[in-house]
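So the structure is just underneath, and the comments pick up after that.
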Amino acid sequence: TEDDPYIRAISLYDFKSFDSTHHASLTTIGNMLDCHQGGTPTGDAILMAHERLSKRKERRHVMFVLTDGEPDDYHTCKEAVNSVEACNTTVLGIGIGSTSVKRSFKNHIVLNTPNDLTAVIMSQMADMLLKDKNKVGLIQQHKPTHIR
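Here the sequence shown is numbered in our numbering, starting from 2 and rising by one per residue.
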């Protein structure tokens, strides 16, 4: 709020925009290791990412949250996940070498190495799509309560 003197800067890196092809994104995805890391306000970042995702017209929204550590605030992170899931978006917390996702995400996976990431994401997407195969039409859109 404007009365709150404590304002944090949050950086969201767009490694693959919604409209870019996988091939065109390979260079930017390769730059992930060069980004500033640490101290991410995870809950705030989830809400900001969902604001962008909620504008998409696709029937199914899925958000993958990758982390290699703990959120700065477990309570805020868990509230953000619940808020986003209340809008019919599936949120999957992926801990890379970290089990912290078990505390904040209803749906979570822990990887020992980032090398397993591609296989896990493809497997999870296949599972989610199979669960949805009998659903038809658009999922009712809910205006996110965290978006003003």
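Quick reminder that beta carbons are idealized off the backbone N, C-alpha and C, glycines included.
What is the DSSP secondary structure of H24, counted as helix, strand or coil?
Looking up residue 24 in the sequence shown gives position 23. Helix at H24.
Residue burial classification, L130 (beta-carbon count within 10 angstroms, cutoff 16):
By one-based count along the sequence shown, residue 130 stands at place 129. It is exposed - the Cβ of L130 has fewer than 16 other Cβ atoms within 10 Å.
Since T68 and S18 should fall inside the 8 Å C-beta cutoff, what is the C-beta to C-beta distance between them, to a whole number of angstroms?
Residue 68 sits at position 67 when you count from the first residue of the sequence shown. Residue 18 sits at position 17 when you count from the first residue of the sequence shown. Incorrect: roughly 21 Å between the Cβ atoms, too far for contact.
Can you tell me whether DSSP reads T2 as helix, strand or coil?
As a position in the sequence shown, residue 2 is number 1, starting the count at 1. Note that T2 scores 46 on pLDDT, short of 50, meaning its location in the model is unreliable; the coordinates nonetheless yield the value given after this. If DSSP states are grouped into helix, strand and coil, T2 belongs with coil.
Got a sec? Which residues, its chain only, sit under 6 Å from T48 by beta carbon, not counting five neighbours each side?
Locating residue 48 in the sequence shown gives position 47, counting from the first residue. One point to set straight first is that residue 48 is Leu, not Thr, in the sequence displayed. Excluding residues up to 5 positions away in sequence, A81, H147 lie with their Cβ nearer than 6 Å to the Cβ of L48 in the same chain.
Starting from the N-terminal side, write out each stretch of the beta strand (DSSP E) that is 3 residues or longer and does not extend beyond the segment 33-72.
Taken in chain order, the unbroken stretches of beta strand (DSSP E) that lie wholly in the segment 33-72 and span 3 residues or more are 62-68.
For T77, the residue or residues it bridges with in DSSP
Sequence index remark: in the sequence shown, residue 77 carries index 76 (1-based). Bridge pairing for T77: absent [DSSP].
On the premise that T41 lies in contact with M64, defined as a C-beta separation below 8 Å, what is that separation, rounded to the nearest angstrom?
Taking the sequence shown and counting its residues from 1, one reaches residue 64 at position 63. Taking the sequence shown and counting its residues from 1, one reaches residue 41 at position 40. About 15 Å separates the two Cβ atoms, so there is no contact after all.
Report the three-state DSSP secondary structure of N108 (helix, strand or coil).
Here residue 108 refers to the residue found at position 107 of the sequence shown. Assigned with DSSP and collapsed to three states, N108 falls in strand.
Burial state of S105 (16 or more Cβ within 10 Å):
On the sequence shown, residue 105 is found 104 positions in, with the first residue counted as 1. Counting Cβ neighbours within 10 Å, S105 comes out buried, since at least 16 surround it.
Indicate the three-state DSSP secondary structure (helix, strand or coil) for K100 in the structure shown.
Within the sequence shown, numbered from 1, the residue matching residue 100 stands at position 99. What sits at residue 100 in the sequence shown is Thr, not Lys. It is coil, neither helix nor strand.
Closest to R60 by CA distance: which of G98, A46, K79, C88 is it?
On the sequence shown, position 59 is the one that residue 60 refers to. Looking only at G98, A46, K79, C88, the smallest Cα-Cα distance to R60 is reached by C88.
G96 and L112 closer than 8 Å at C-beta
In the sequence shown, counting from the first residue as 1, residue 96 sits at position 95. In the sequence shown, counting from the first residue as 1, residue 112 sits at position 111. Yes, the pair counts as a contact, with Cβ atoms nearer than the cut-off.
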